[in-house]
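To keep things clear, I will list the structure first and then write my remarks on it.
Numbering (the working numbering), first residue to last: 299 to 766.
So this is what it looks like as structure tokens:
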């Protein structure tokens, strides 16, 4: 069986493109008002050294090597450049404050865009680089502070709910924050500009929303950028991998659908990313497409494991993770989805074949019967691990009564905690208590007993007549 490499290849050329372009933009913002080539050269050398050192000392590889981070940084530099150009037109006649006004408009846009395309991934590095760029462009620490605050607030508001309405609210509130900051700043310097700023508020909000939505649509055209709408399309049956799964591994497909439904409901209650969980759950078992008939949910008739040694069976089962990573790379699945493939199994023990091997050899190597990990590193992948484990256990119950389901959920959670599978996930004990309660209720609602209705008189009469 072939082994797939985990993850995607690091794009080293992108590192040097980043380390060439980022300092160039920063030096340009610094030297532009003075038109001094020497200042540009010194600024370039200084910023190159700072960024290179920051990358090495703070482990900021993603900021320089990841396509999504790179693209968002270019958008930041473009917007700052646009703000500087727009301020020269002096449309709003803000008497020298136009540059600060335009630069602060960028804050909310960057905040929402970074949260849209990075989802749960950290955006602190982008915020820091953008704030530094704004400081160099404005030469004003007050403006840089206002930019950072507007960015943080808009990012947080949109990140909590991720709806179009909250996207607009994030822009409006972020804009209001920097408007108040500017008003306070100008009140002691140019009091008459405060009223003009308040008058411009609706116009600036509409302008930001127009630019934001336009940029989102443009960025969505790039193959590696994923908004909510684009990501959700991956969960449609029209996706080639899911179509193939439905045909070749129908049991795995239906299991994935059920895990997706359960996990999405849990994610909404636990403050995780429901859409990411929903899509991740649909693809967590795609590696089973390689040898579908070796997995219990797809076995019809004779069990192929009956003729294999436990070690061989365990190797086949374990390998679906590696095969899944290979398929994910081949089909260019979003990088946010990739962790669900190895982390939904973590380093769990393949119990059935391990105990079967113990019967033959008490000195069996346990590691041969464990998945390679890593254990879940986020709430999202942990939720899928839990629902995957529980759904598989419940499916084996002959009669999924409330008591049996409750025992299965509790047993699954206890085993996962005992094995240390959830310790890096960010789920607290309170979260796990809520998971136990909600998951029991959800499973009972999905697996409820069907009521057998009595036959109606007319149907019973027809049956008697036909028999006679």
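Built from N, CA and C at the ideal position, the CB exists for glycine as well. All figures in this text were calculated on a predicted structure; none of them were measured in a lab.
- Here the alpha carbons of residue 715 and residue 360 stand approximately 31 Å from one another.
- Here residue 335 is exposed, its C-beta having fewer than 16 other C-beta atoms within 10 Å.
- Annotated as distal: residue 547 and residue 676, with beta-carbon spacing of 9 Å or more.
- Within the DSSP secondary-structure output, residue 382 pairs in no beta bridge.
- Per DSSP, the unbroken alpha helix (DSSP H) holding residue 448 starts and ends at 439-459.
- For residue 631, the three-state secondary structure derived from DSSP is coil.
- Spanning the alpha carbons of residue 551 and residue 588 requires a straight line of approximately 14 Å.
- Uninterrupted alpha helix (DSSP H) stretches at least 4 residues long and entirely within the stretch 672-739 occur at 677-693, 700-716, given in chain order.
- Distance between residue 698 and residue 689, taken at the CA atoms: about 11 Å.
- Between the alpha carbons of residue 670 and residue 717 lies a gap of roughly 14 Å.
- About 5 Å separates the beta carbon of residue 648 from that of residue 612, a gap short enough to meet the 8 Å contact definition.
- Where residue 523 is concerned, there is no enclosing alpha helix (DSSP H), because DSSP gives it neither an H nor an E.
- Taken atom to atom, the span from the alpha-carbon of residue 629 to that of residue 351 is near 36 Å.
- Annotation for residue 553: the continuous alpha helix (DSSP H) segment containing it runs 548-568.
- Residue 337 sits away from residue 324, with the two beta carbons spaced by 9 Å or more.
- Contact holds between the stretch 411-420 and the stretch 505-525, because three or more Cβ pairs, one in each stretch, are under 8 Å apart.
- Given a length threshold of 4 residues, each whole run of the alpha helix (DSSP H) inside the stretch 635-675 is given here in chain order: 638-641, 649-658.
- Contact between residue 625 and residue 540 does not hold, since their C-beta atoms are separated by about 12 Å, which reaches or exceeds 8 Å.
- Straight across, the Cα-Cα distance linking residue 605 with residue 453 is about 56 Å.
- One Cα belongs to residue 722, the other to residue 435, and the distance between them is close to 40 Å.
- Rounded to the nearest whole angstrom, the CA to CA distance from residue 594 to residue 616 is 14 Å.
- If you draw a straight line from the Cα of residue 609 to the Cα of residue 602, it comes to about 14 Å.
- Residues 692, 703 of the same chain have their beta carbon placed closer than 6 Å to that of residue 741, with the five preceding and five following residues left out of the count.
- Residue range 335-356 is occupied by the alpha helix (DSSP H) that includes residue 353.
- Taking each of 518, 525, 404, 311 in turn and checking the Cα distance to residue 364, the smallest one comes out for 311.
- At the C-beta level, residue 641 and residue 687 stay beyond 9 Å of one another.
- Counting along the chain, residue 405 sits inside the alpha helix (DSSP H) bounded by residues 396-416.
- The beta carbon of residue 377 lies closer than 6 Å to those of 404 in the same chain, with the five residues before and after it left out.
- In the three-state reduction of the DSSP assignment, residue 433 falls in the helix class.
- Taking a cut-off of 8 Å on C-beta distances, the stretch 463-471 does not touch the stretch 425-432, as fewer than three cross pairs fall below it.
- Counting every other CB atom within 10 Å of its CB across the protein chains shown gives residue 386 a total below 16, marking it as exposed.
- The continuous stretches of alpha helix (DSSP H) do not include residue 585, and DSSP gives it neither H nor E.
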